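In order, the protein sequence lines correspond to chains E and A. Taking this note's numbering, I'd label the letters of the first sequence as residues 83 to 332. Taking this note's numbering, I'd label the letters of the second sequence as residues 8 to 244. The beta carbon of each residue, even a glycine, is placed where N, CA and C say it ideally should be. It should be emphasised that the depicted structure is a prediction, and the values quoted were computed from it without experimental measurement. Everything below concerns the one structure shown next.
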Amino acid sequence: MRPSLWAEAVKLAGSAVGRVGSVAVAVGIAVLSGAMLAAAASGDPQLLAKLGPAATQDWSGFLLAAAQITSAGGLIGFGVVLSWIFGREFGDGTITGLFALPVRRSTIALAKLFVYAMWATAMSLLLAALLLLVGLVAGLGPLTADSWTALARQTGLGIMTAAIAAPVAWAATLGRSVLAGVSVAIGLVVLAQISVLAGAGGWVPLASPALWAMSSGQAVTLLQIGLVLPYVGVFMLATAWAWRAMQLDR
Amino acid sequence: MTLSAHRATRSFRNGSGVFDVDLQLHPGQVVALVGLNGAGKSTLMRMLLGMLRPDRGEVRLAGCNVALAPASTWARVGHLVEYPLAYPELTVVRNLQLSARMHRVSEVDATVEAVIGEFALEPYRQRRTRALSLGNRQRVGLAAALQHDPSVIVLDEPSNSLDPAGLIRLRESLLRRSGGGAAVLVSSHHLDEVARIADRIVVINAGRLIGDLDPGTPGIERAFFESVRIDDERGAR
Numbered sequence: 083m084r085p086s087l088w089a090e091a092v093k094l095a096g097s098a099v100g101r102v103g104s105v106a107v108a109v110g111i112a113v114l115s116g117a118m119l120a121a122a123a124s125g126d127p128q129l130l131a132k133l134g135p136a137a138t139q140d141w142s143g144f145l146l147a148a149a150q151i152t153s154a155g156g157l158i159g160f161g162v163v164l165s166w167i168f169g170r171e172f173g174d175g176t177i178t179g180l181f182a183l184p185v186r187r188s189t190i191a192l193a194k195l196f197v198y199a200m201w202a203t204a205m206s207l208l209l210a211a212l213l214l215l216v217g218l219v220a221g222l223g224p225l226t227a228d229s230w231t232a233l234a235r236q237t238g239l240g241i242m243t244a245a246i247a248a249p250v251a252w253a254a255t256l257g258r259s260v261l262a263g264v265s266v267a268i269g270l271v272v273l274a275q276i277s278v279l280a281g282a283g284g285w286v287p288l289a290s291p292a293l294w295a296m297s298s299g300q301a302v303t304l305l306q307i308g309l310v311l312p313y314v315g316v317f318m319l320a321t322a323w324a325w326r327a328m329q330l331d332r
Numbered sequence: 008m009t010l011s012a013h014r015a016t017r018s019f020r021n022g023s024g025v026f027d028v029d030l031q032l033h034p035g036q037v038v039a040l041v042g043l044n045g046a047g048k049s050t051l052m053r054m055l056l057g058m059l060r061p062d063r064g065e066v067r068l069a070g071c072n073v074a075l076a077p078a079s080t081w082a083r084v085g086h087l088v089e090y091p092l093a094y095p096e097l098t099v100v101r102n103l104q105l106s107a108r109m110h111r112v113s114e115v116d117a118t119v120e121a122v123i124g125e126f127a128l129e130p131y132r133q134r135r136t137r138a139l140s141l142g143n144r145q146r147v148g149l150a151a152a153l154q155h156d157p158s159v160i161v162l163d164e165p166s167n168s169l170d171p172a173g174l175i176r177l178r179e180s181l182l183r184r185s186g187g188g189a190a191v192l193v194s195s196h197h198l199d200e201v202a203r204i205a206d207r208i209v210v211i212n213a214g215r216l217i218g219d220l221d222p223g224t225p226g227i228e229r230a231f232f233e234s235v236r237i238d239d240e241r242g243a244r
């Protein structure tokens, strides 16, 4: 596994997609959250109405806005990077070089997922740190115990948002392109929204992390949030299996 | 180590593919696979390397079904099929280190330095592969495929994009490795070039191996086209 982990880490670190994705997920979400804070400070009644509970100009409202942006924008951002990690091997033609090696292709796929998970965790921690910085600079004052908990929950949301993008890896493999994975990432955002509107969000792993973070953990049970694990596990195994059984027949 | 196909067939929905292929690569032997575009060269090479499973027949690597070959056996195979294993965002050195690690090379840095010298890649070592010419990218791919001194070498059109200096380095590299006991299979359109290094030239047409050409044959291109023409006429009947 070690050569594959090294290879995947080197590829992600050296790529423009990795750098742009890092900026988009960490800096982008922090800046957008700050922009919503600034919008709330403008006092425009129409804007305040649109922002709803996120317009309170305190840590609670600020982190609520960040959670909303992370759940949709973060899923797209994480999804694009994950799709590139898998789909680029087909687009660049390097997939032929990943056959006939002493490393199993399923091992390569799992190494890709592991490196992605490490990167996503680092980005979620960086995002939390940037949100803290933005909030302090914006004068939201010292954090209360509840605010620290909300910030920790935001980090958890970031990691879970990256995790629920797992079908993207499978789709990029089956579709053999980055575009196939990105399309599925967009589809996942739509599905999450529909499941919330239909009232089933807590039971749908695509939506439960966002509901959990935005309700301060009240609207989602431990069992419901725990469903994220088997959901991610199934798509990880499906991806590893797809790499194992892959033939270059198209 | 040997690599062989035994009545191996792999067909596609459009009717193309390779059919009933019997081919053996022996240690110390260079086999050249020649054929027109679409004749089945790449398909055959993909099947030999486990990228395609045969519908019928079998491919064996070191006496073992290729689908079941252990990692230690694959560590002794080097290949370049269609695209070099060279990531555009990485430098030449990084790409070679990556390939060496994936092939379980123990002395990565020494191995990479040696192959950089062998393929004259020194001036480009810190350049990103995307900034290289096609020919130099091909050199990187060949270096990545050969640096671990494999016992079985499969190269699909390795002379693509190479300049004359690159061609000479490739030729010397393959001859040295086959002299050291490696079994080599190369496909090419350049009959004169492969005739210089091949011990055996196998002609493929419409997915079937239709015979051998003697590398020493004068006017080998004419002999090649004649064998393809006869096979096409036989197929038409």
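Please say whether residue j and residue i have beta carbons closer to each other than 9 Å?
{"i": "V266/E", "j": "A254/E", "result": "yes"}
{"i": "S158/A", "j": "P34/A", "result": "yes"}
{"i": "V105/E", "j": "V264/E", "result": "no"}
{"i": "R203/A", "j": "R178/A", "result": "yes"}
{"i": "V209/A", "j": "V37/A", "result": "no"}
{"i": "G238/E", "j": "S206/E", "result": "yes"}
{"i": "L288/E", "j": "L273/E", "result": "yes"}
{"i": "G142/A", "j": "L169/A", "result": "yes"}
{"i": "V216/E", "j": "S115/E", "result": "yes"}
{"i": "G45/A", "j": "R14/A", "result": "no"}
{"i": "V197/E", "j": "G156/E", "result": "no"}
{"i": "D238/A", "j": "R215/A", "result": "yes"}
{"i": "Q150/E", "j": "A292/E", "result": "yes"}
{"i": "L97/A", "j": "R135/A", "result": "yes"}
{"i": "L213/E", "j": "F160/E", "result": "no"}
Could you give the first and the last residue of the continuous beta strand (DSSP E) run that contains residue i?
{"i": "F26/A", "result": "24-32"}
{"i": "R108/A", "result": "No beta strand (DSSP E) holds R108/A; the alpha helix (DSSP H) holding it covers 99-109."}
{"i": "L10/A", "result": "10-18"}
Quick check: the Cα distance between residue i and residue j, rounded to an integer number of angstroms?
{"i": "L51/A", "j": "R67/A", "result": "13 Å"}
{"i": "S234/A", "j": "D221/A", "result": "12 Å"}
{"i": "M8/A", "j": "G257/E", "result": "36 Å"}
{"i": "S86/E", "j": "Q139/E", "result": "46 Å"}
{"i": "S142/E", "j": "I158/E", "result": "24 Å"}
{"i": "H110/A", "j": "L183/E", "result": "6 Å"}
{"i": "G70/A", "j": "S11/A", "result": "9 Å"}
{"i": "T243/E", "j": "V147/A", "result": "38 Å"}
{"i": "V102/E", "j": "L164/E", "result": "13 Å"}
{"i": "P247/A", "j": "P225/A", "result": "Since the first and last residues shown for chain A are 8 and 244, residue 247/A lies out of range."}
{"i": "M54/A", "j": "I307/E", "result": "45 Å"}
{"i": "G47/A", "j": "V119/A", "result": "33 Å"}
{"i": "A74/A", "j": "I167/E", "result": "26 Å"}
{"i": "G179/E", "j": "Y90/A", "result": "8 Å"}
{"i": "L198/A", "j": "N72/A", "result": "31 Å"}
{"i": "G124/A", "j": "A117/A", "result": "11 Å"}
{"i": "A95/E", "j": "A89/E", "result": "10 Å"}
Going by the DSSP bridge assignment, what does residue i pair with across the sheet?
{"i": "I208/A", "result": "A39/A, L220/A"}
{"i": "V161/A", "result": "H86/A, L192/A"}
{"i": "N21/A", "result": "Answer is none; N21/A lacks a bridge partner."}
{"i": "N72/A", "result": "R67/A"}
{"i": "R215/A", "result": "N212/A"}
{"i": "R135/A", "result": "T98/A"}
For residue i, report the span of its alpha helix (DSSP H) as first-last.
{"i": "S290/E", "result": "290-296"}
{"i": "G238/E", "result": "227-245"}
{"i": "L128/A", "result": "Looking at the DSSP string, L128/A is not in any alpha helix (DSSP H), and its letter there is neither H nor E."}
{"i": "G64/A", "result": "No alpha helix (DSSP H) holds G64/A; the beta strand (DSSP E) holding it covers 63-68."}
{"i": "Q128/E", "result": "127-133"}
{"i": "V272/E", "result": "260-279"}
{"i": "M205/E", "result": "187-219"}
{"i": "Y313/E", "result": "310-326"}
{"i": "V302/E", "result": "Segment: none, V302/E is in no alpha helix (DSSP H) and carries neither H nor E."}
{"i": "T80/A", "result": "78-81"}
{"i": "T6/A", "result": "Residue coverage of chain A in this structure runs from 8 to 244, which leaves residue 6/A outside it and unanswerable."}
{"i": "F168/E", "result": "157-173"}
{"i": "F144/E", "result": "141-151"}
{"i": "S180/A", "result": "171-186"}
{"i": "M83/E", "result": "Taken as a continuous stretch (DSSP letters only), M83/E belongs to no alpha helix (DSSP H), as it is neither H nor E."}
{"i": "S104/E", "result": "98-104"}
{"i": "A112/E", "result": "111-123"}
{"i": "A248/E", "result": "First-last for A248/E: undefined, no H or E at that position."}
{"i": "Q1/A", "result": "Outside the shown range of chain A, which is 8 to 244, sits residue 1/A, and nothing can be said about it."}
Since residue i meets chain C, which of its residues come closer than 8 Å, beta carbon to beta carbon?
{"i": "P61/A", "result": "Here the protein chains are E and A, and chain C is not one of them."}
I want to check one thing, is the minimum distance from the CB of residue i to the heavy atoms of the ligand GTP below 8 Å?
{"i": "G284/E", "result": "Ligands in the displayed structure: none, and consequently the ligand GTP is not present."}
* Asked: Is it true that the stretch 181-189 of chain E meets the stretch 273-280 of chain E, where meeting means three or more beta-carbon pairs spaced less than 8 Å apart?
  -> no
Margin query: Does the contact criterion of 3 or more C-beta pairs under 8 Å hold for the stretch 291-305 of chain E versus the stretch 320-328 of chain E?
Written below: no
At least three beta-carbon pairs within less than 8 Å, the stretch 123-138 of chain A to the stretch 124-138 of chain E:
no
* Between the stretch 149-163 of chain A and the stretch 92-105 of chain A, do three or more beta carbon pairs fall short of 8 Å? -> yes
- Decide if the stretch 12-29 of chain A is in contact with the stretch 43-60 of chain A; the criterion is three or more beta carbon pairs, one per stretch, under 8 Å apart. yes
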